[in-house]
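Here our numbering = 1-based position in the sequence shown + 1146.
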Amino acid sequence: MPLPLFLAMLAIVIAAAAATIALAFWAQVPLMAIALAALAGSLMMGLRQWR
1147 MPLPLFLAML AIVIAAAAAT IALAFWAQVP LMAIALAALA GSLMMGLRQW R
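Take a look at the structure:
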């Protein structure tokens, strides 16, 4: 993968994460709910590896 493409993809992922967090704070979603959603997603992705 060429370096400029990799850096562009990395920047897009970071911007999407920042936009998600900003939208959650704007909608006044509790930080614990965001943390639990991230934990649940991580666990689901981890369990898929064991199949």
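Glycine included, C-beta positions come from ideal geometry on N, C-alpha and C. Computed from a prediction, not measured in an experiment: that's the story for all the values here.
Given residue i, which residues of its chain have a CB within under 8 Å of its CB, disregarding the five upstream and five downstream residues?
i: Ala1183; result: none
Since residue i is in the alpha helix (DSSP H), which residue starts that stretch and which ends it?
i: Ala1154; result: 1149-1172
Leaving out five residues on either side along the sequence, give the residues of the same chain with a beta carbon under 7 Å from the beta carbon of residue i.
i: Ala1170; result: Ile1180
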